[in-house]
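A short write-up of the structure that comes next.
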Amino acid sequence: GSSGSGSDQWLDGFTASALFAIVAHLLCAIMLGWAIKKPFPKVRGRGMSTALTHSHSNADMAHACERCRKALDEQETECQYLLCNTCYDTFGGENVNFKRYSRRVVVCF
């Protein structure tokens, strides 16, 4: 017996389209992972420009961590994220820093 439709071919239009979509998504995920630029280091070294340091007033330097509201020290305010070192290092859970967590979110999305 045949199935009644007369077509016992496994590679019909739907299956071919589904396989194409799987390959396309895998290639896009690989390219996205490759293309994601590495973020700036958590805390910049002493080589940062003095213009950036002097452009901030004392009021601007008194930021608090976005997660725990602890006052950030001068070194922590120099990075692009308003996170203290403890919150940065444990952003996605124990031993999962912000960099690793944010990459995981982007790749999974």
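When the letters of the sequence shown are read in order and numbered with my numbering, they come out as residues 0 to 108.
Virtual Cβ for every residue (Gly too), placed ideally from N, Cα, C.
Taking the Cα positions, Gln8 is about 15 Å away from Ala17.
In this structure, the beta-carbon distance from Asn94 to Tyr87 does not fall below 9 Å. In this structure, Leu31 places its C-beta atom within 9 Å of the C-beta atom of Val106. By the neighbour-count criterion, in which a residue is buried when 16 or more other Cβ atoms sit within 10 angstroms of its Cβ, Glu75 is buried.
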